[in-house]
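Residue numbers (the working numbering): 1 to 501.
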């Protein structure tokens, strides 16, 4: 008997399955369900597939483990198999008596029929009303006792006697320390900032600006037996320490004969008082002329002069540099404060000039200028420390000197610096710190709550007042006015301190 196997896909539906069945020419068709997806939407579609197979003259069987599809197949009398080989080898018969469709009742009437067949349980005899009343009374008493045990609340308001504790600590901050030390040493960290600025001030120096050239008359003496001609523009040097160049303004012919002479006029090449020679100054002639003539000036030269004008000098720029550095230090300190992180404290006296990155004298020394102008770009260095380090050392010092029988009222500490920072040449800073806090008597909250539980309110107040020194009478507020007992649960007793630091 010919059997065809049709493998179904997840995307198949009843129409596509019927198309696949129509192409098969066989007596048996096995529909193999995919592992995921049920493909069919209801039992009617299963019935339609079974009818399609019968119309093609074939029997239909399913290979699936899907519980819903299996139930539909059983209801439609379609054989089910666990595998393809089982379907090919097994018998295609439906157990009408033992099918799931007949074993599982369906419909409201079927359920009611089954329930009617269940054995009937008879009711018990009525309970005595007295017993019922007693049970209710005991239940109410238990509830009341439970409420009395759980509901009461009490708040004990007290004001402990306080004392002030204070210690002085010498703090030393340095880069060489890696952590805090109970003796007062804390690590310091260097921070840097770059600032720049410009400053000007009137020039106090003077400089002369040459305006006119010196002129004078010289005498040329012939040292040979022939005429000596000196052309206009001939250059000569004269002077004692600093030689000044002079130029012959017109040609001169010195007559032949030893010691014969002629006069000529000369002019300084450069304007200024340097050309004003004294009489009989020393003269130097260009090479080749010294053996021919000699030069002298019987009279002093004059006419060289200039105008005196302001000019920056060394003292001006030294003063500007000091003033500008002071301004930049203030500017840098303000920048450090603006960028100061929370919990970080500045050691202001440790501010120093780390490096001059740029120093420029805009108007040069010796040059005419009404103002001396300087520009500076510098890097500043400052040391900082962590506030938490100071708090930790202060807590250690206060705890070590704490009065017996007292504890800190809270975590608050008061810190005040005594005097100024002192910074040495190595950048290590020292200062004195005053640390203080408020102390209150030490007592055990849990133990006291356990002792007060169940007491009368008056007795509880007397007992609590005797535990430690208090500046005001204790006040006990109950959950109900004039409730005579403290709560039996210690966790229902709260304590509120009225002390203020």
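Quick reminder that beta carbons are idealized off the backbone N, C-alpha and C, glycines included.
- Per DSSP, residue 455 has no beta bridge partner at all.
- Per DSSP, reduced to three states, the secondary structure at residue 12 is coil, with no helix or strand assignment.
- When secondary structure is reduced to three states using DSSP, residue 391 falls in the helix class.
- When the beta-carbon positions are compared, residue 191 and residue 493 stay at least 8 Å from each other.
- In the structure shown, the three-state DSSP call for residue 72 is helix.
- Only residues of its own chain outside the window of five on either side were considered, and among them 217 and 249 have a CB closer than 6 Å to the CB of residue 265, listed in chain order.
- The beta carbons of residue 487 and residue 154 sit closer together than 8 Å.
- Taking a C-beta distance under 8 Å as the contact criterion, residue 221 and residue 293 qualify as a contact pair.
- Within the segment 40-95, the complete beta strand (DSSP E) segments of 3 residues or longer fall at 59-63, listed in chain order.
- Around the beta-carbon of residue 182, fewer than 16 other beta-carbon atoms lie within 10 Å, marking it exposed.
- One thing to note: residue 213 has its Cβ within 8 Å of the Cβ of residue 303.
- Taken in chain order, the whole alpha helix (DSSP H) runs of length 4 or more contained in the segment 297-374 are 314-338.
- One Cα belongs to residue 370, the other to residue 338, and the distance between them is close to 37 Å.
- Linking residue 305 to residue 231 through their CA atoms gives a straight-line distance of about 27 Å.
- By the C-beta density criterion, residue 374 is buried, having at least 16 other C-beta atoms within 10 angstroms.
- Closest in C-alpha terms to residue 273, from the list 244, 290, 497 and 259, comes 244.
- Residue 208: not part of any alpha helix (DSSP H); member of the beta strand (DSSP E) spanning 205-212, first to last residue.
- Pairing residue 223 with residue 253 gives a Cβ-Cβ distance that is not under 8 Å.
- Distance from residue 81 to residue 69 at the Cβ level is roughly 13 Å; contact not present, criterion being Cβ atoms closer than 8 Å.
- For the 8 Å CB-CB criterion, residue 5 and residue 47 do not form a contact.
- Taking residue 377 as reference, the option from 403, 328 and 383 with the minimal CA-CA separation is 328.
- Comparing C-alpha distances from residue 480 to each of 443, 115 and 151 shows the shortest one belongs to 151.
- Cβ-Cβ distances below 8 Å link residue 61 to 28, 29, 30, 31, 78, 79, 80, 81, 87 and 92 in the same chain, with the five nearest sequence neighbours on each side left out; the list follows chain order.
- Close CB contacts of residue 349 within its chain, under the 8 Å cut and outside five residues either way in sequence, are with 420, 421, 422, 423 and 429 (chain order).
- Counting along the chain, no beta strand (DSSP E) covers residue 181, and no H or E run does either.
- When DSSP states are grouped into helix, strand and coil, residue 19 belongs to the helix group.
- Assigned with DSSP and collapsed to three states, residue 384 falls in strand.
- Boundaries of the alpha helix (DSSP H) around residue 149: 129-150.
- Scanning its chain for C-beta atoms nearer than 7 Å, with the 5 sequence neighbours on each side dropped, one finds around residue 470 the residues 158, 159, 160 and 161, in chain order.
- Of the residues 418, 238, 317 and 406, the one whose Cα lies closest to the Cα of residue 277 is 238.
- DSSP lists no bridge partner for residue 162.
- Within the same chain, Cβ atoms closer than 8 Å to the Cβ of residue 37 are found at 10, the five residues on either side in sequence being excluded.
- A direct Cα-to-Cα measurement between residue 405 and residue 461 gives close to 21 Å.
- Residue range 493-497 is occupied by the beta strand (DSSP E) that includes residue 494.
- In the displayed model, residue 273 falls within a helix according to three-state DSSP.
- Secondary structure note for residue 473: its beta strand (DSSP E) is the uninterrupted segment 470-478.
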